[in-house]
């Protein structure tokens, strides 16, 4: 089936190894994200998940193959340009320690706008975004280190979404939360991504969450380097 | 750039306890460095300003610096005196325009006493050819009149008409007193910022009078001449400590110096104040530079502490750095952040140091004035001190490059997810 | 880090300018000057110290007349002649033709007056150590210099070039005024426009 629209992100014949002596830790024939898609990537530790996210973020550069985001081949950009590209187009959420502890919640949310003129322009009222993520205004000016884990994750989500980046990558964002808050967070995130027309790549080891997504991919199965390692 | 500054400031504020101590360390080292420079410069200025318009200082043969020190600065003691008739013969020399004889050796409650003639108040100049001015009273007219320097009057709370008793010798406490011959304060000089301020001036005749019944530094037992009878005796001094000389033409100073050095009647020497001062600075200069170098070392120690503290805290901040990387910061930006932090701490330390030094100067100024006659000027900062400070900040920036570079490498290695 | 620690005292020393000119010269040294050549472009003349001596003044005249080999030891005439020469030295006249002339010459500094640490008056002498151990220069070889602006960083026996206007009038006034004074007291005066460190005979 031919794709109607160009993928938001795609990896083609990508091989990555940490140094010349190491075995490849990532070997992917093809991996693509369509615009607006919500993809659940099942990636336990050791499957090359961090490397994949690093490649998509432009922090790492592959040995072979091409990594394209919004049609731009990242390997063709210089390091500084990749950093700017990431700032402009990608929002990240991690499992924990997402925030700068000595900045307030709203200052954390606004962080990407310091590094991306595009997102600064497109950032509507940060306070409103935060409210939509169930963050009470009284929390906005509290220092990040004074917030609960659940609140921190929601602030991280707001930060990832501010200024309408085209791609949001969430790496185990709910793993530090209890079951009930996981559900709430997931709902909020999915809802806001849809509102912002952002493509969501959600990485987790917990299959139970996969149901809410358009597509589920197992990194272990698309990463041939993982198969080889397991086989050895 | 400004967002790095803000981020660095907030980050530093977050760790204000440890960084605060580092700021204090830098501040104290800056106080030491600038303080040494300030004392050096103010002392030099004070010394230079202490005598003006005097062409030669004449005294018994000793070292030029020593002669200068005790005649102009009242520091130290004369080893030998010069005879009065030798002085008189000298004063008659056609090249000489004026002379001021000086007699030192007594003191009053720690302040040196100077025996001289009224010509002192007429001819003596200090600073930029400034003459002495009276805040109250006039030069001594009566035998036991005394003219006080501004510092003496202020420190001891003397006013016109007060009676004071002189002590024999320079020391402070436990000196034998000329108790039977008290002096009356007949004049108080205006402040000059020189050792004149802490001197008690009396006439040469009065010095002679109080020592009439003394022999070898102590009163002769059973033999005392009451104050009212001293005038019956010849009060011409036999000896003086030194003399200040002014010439008709300053270019003749070498000739006069030669004449005095060759004078057959007595072993004398003549010293050009400007030249003697340069010699003093040459001698003292070595100590000054050593002190300055040591202070520089202390600053380095303070900055090393800063680097160590920031480096030690880097490990905890790897997550913070990863977050910044995730939102688009480049490793170079991380480098900038850390270096800016170091610069901020150094700058803060310098500012705090300047303020501390100001406070210290204000506190120490009265002591320096009363003990050494050196005026310490409380000021925020001088040009020379600013140059030193610029050097400190430059070194601080250089030192901050170390944690900056380390953070740069860490951010590259850690990427988005540091393995901690 | 150790490299920096080593550099700082050096940097400090450089800042403080501790290098002393007096280390380079010995007592009696004169400053070498290039052969005086007329410089049409500048408004001043570069001169040598000898030029300040009037023509025909020869203080050693009397001494020359004596054949020293023929005298006995301690002969009165030798001592007298020497005394006469010394006296002539002291009374050395100035050359009035220099009055108002703008000149440039090198010499050693003897500071007289300072304000703060800047020199406002000094004597310029032709040779090093003129105030110690050696006979002082004759009166027409001493210049009483008044710099237009106080000079920074000037120490005793620093070697400098001075450019300024000479003044001989005061000397005449003093000589004429007081017969009893006998000895001429003033040499040359100069208002100096420019004082710069001496760095060698070139120019």
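Protein chains in written order, with the working numbering: chain A, -10 to 221; chain B, 403 to 822; chain C, 17 to 219. Backbone N, C-alpha and C fix where the C-beta goes; we use that ideal spot for every residue, glycine too. Fair warning: this is a prediction, and the values are worked out from it, not measured in the lab.
query                                                                                                                                   : result
For residue 469 of chain B and residue 686 of chain B, the rounded distance between their alpha carbons                                 : 16 Å
Cross-chain neighbours of residue 447 of chain B in chain C, by beta carbon under 9 Å                                                   : 132, 133
Extent of the continuous beta strand (DSSP E) run through residue 583 of chain B                                                        : Taken as a continuous stretch (DSSP letters only), residue 583 of chain B belongs to no beta strand (DSSP E), as it is neither H nor E.
Cutoff 8 Å; reference residue 426 of chain B; Cβ partners in own chain excluding five residues on either side                           : 751, 754
Nonlocal neighbours in the same chain, by C-beta distance under 6 Å from residue 164 of chain A, ignoring five residues either side     : 84
Chain-ordered chain C contacts of residue 530 of chain B [CB-CB under 7 Å]                                                              : 131
Simplified DSSP state of residue 61 of chain C, which is helix, strand or coil                                                          : strand
Neighbourhood of residue 499 of chain B by C-beta distance below 7 Å, restricted to the same chain and skipping five residues each side : 648, 649, 650
As assigned by DSSP and simplified to three states, the class of residue 190 of chain C                                                 : Reliability fails at residue 190 of chain C, whose pLDDT of 49 lies under 50, so the model's placement of it is uncertain and the value that follows must be treated cautiously. It is helical.
Local Cβ density within 10 Å of residue 196 of chain A, reported as buried at 16 or more and exposed below that                         : exposed
Cα-Cα separation, residue 152 of chain A to residue 111 of chain A                                                                      : 5 Å
Contacts of residue 11 of chain A in chain B (Cβ-Cβ under 8 Å)                                                                          : Per Cβ cutoff of 8 Å: no residues; residue 11 of chain A is ~15 Å from chain B at best.
Unbroken beta strand (DSSP E) run spanning residue 648 of chain B, endpoints                                                            : 644 to 649
Three-state secondary structure (DSSP) of residue 212 of chain A                                                                        : strand
Limits of the unbroken alpha helix (DSSP H) element including residue 420 of chain B                                                    : 418 to 451
Interface flag, residue 635 of chain B vs chain C, CB-CB below 8 Å                                                                      : no
Any chain B beta carbon closer than 8 Å to residue 203 of chain C                                                                       : yes
Residue(s) in a DSSP beta bridge with residue 484 of chain B                                                                            : B:642
Contact between the region 501 to 516 of chain B and the region 658 to 669 of chain B (3+ Cβ pairs under 8 Å)                           : no
DSSP three-state assignment for residue 158 of chain C, whether helix, strand or coil                                                   : coil
Any chain C beta carbon closer than 8 Å to residue 677 of chain B                                                                       : yes
Residue 86 of chain A - DSSP class collapsed to helix/strand/coil                                                                       : coil
Cα-Cα separation between residue 62 of chain C and residue 598 of chain B, rounded to whole angstroms                                   : 45 Å
Partner residues on chain C for residue 666 of chain B, Cβ-Cβ distance less than 9 Å                                                    : The contacting residues do not exist; residue 666 of chain B stays about 15 Å from chain C at best.
Chain A contacts made by the region 718 to 731 of chain B, where a contact means CB separation under 7 Å                                : 721, 722, 725, 727, 728, 729, 730, 731
Helix, strand or coil at residue 210 of chain C according to DSSP, with G and I counted as helix                                        : strand
Residue of B:806, B:441, B:616 minimising C-alpha distance to residue 762 of chain B                                                    : B:441
Interfacial residues, the region 767 to 790 of chain B to chain C, with Cβ spacing under 7 Å                                            : 789
Closer than 9 Å at the beta carbon, the chain C residues around residue 808 of chain B                                                  : Chain C residues near residue 808 of chain B: none, gap ~13 Å exceeds 9 Å.
Residue 71 of chain C versus C:153, C:111, C:115, residue with shortest Cα-Cα distance                                                  : C:111
Short Cβ contact (8 Å threshold) for residue 28 of chain A with residue 138 of chain A                                                  : no
Residue nearest to residue 825 of chain B in terms of C-alpha spacing, selected from B:798, B:458, B:771, B:779                         : There is simply no residue 825 of chain B to check, as chain B begins at 403 and stops at 822 in what is shown.
At least three beta-carbon pairs within less than 8 Å, the region 469 to 484 of chain B to the region 666 to 679 of chain B             : yes
Against chain C: residues of the region 452 to 475 of chain B by CB proximity under 9 Å                                                 : 454, 455, 457
Sequence-distant residues of its chain with Cβ nearer than 7 Å to residue 612 of chain B (five each side left out)                      : 568, 580, 583
Proximal residues to residue 467 of chain B (C-beta, below 8 Å), its chain only, five neighbours per side dropped                       : 678, 681, 682, 685
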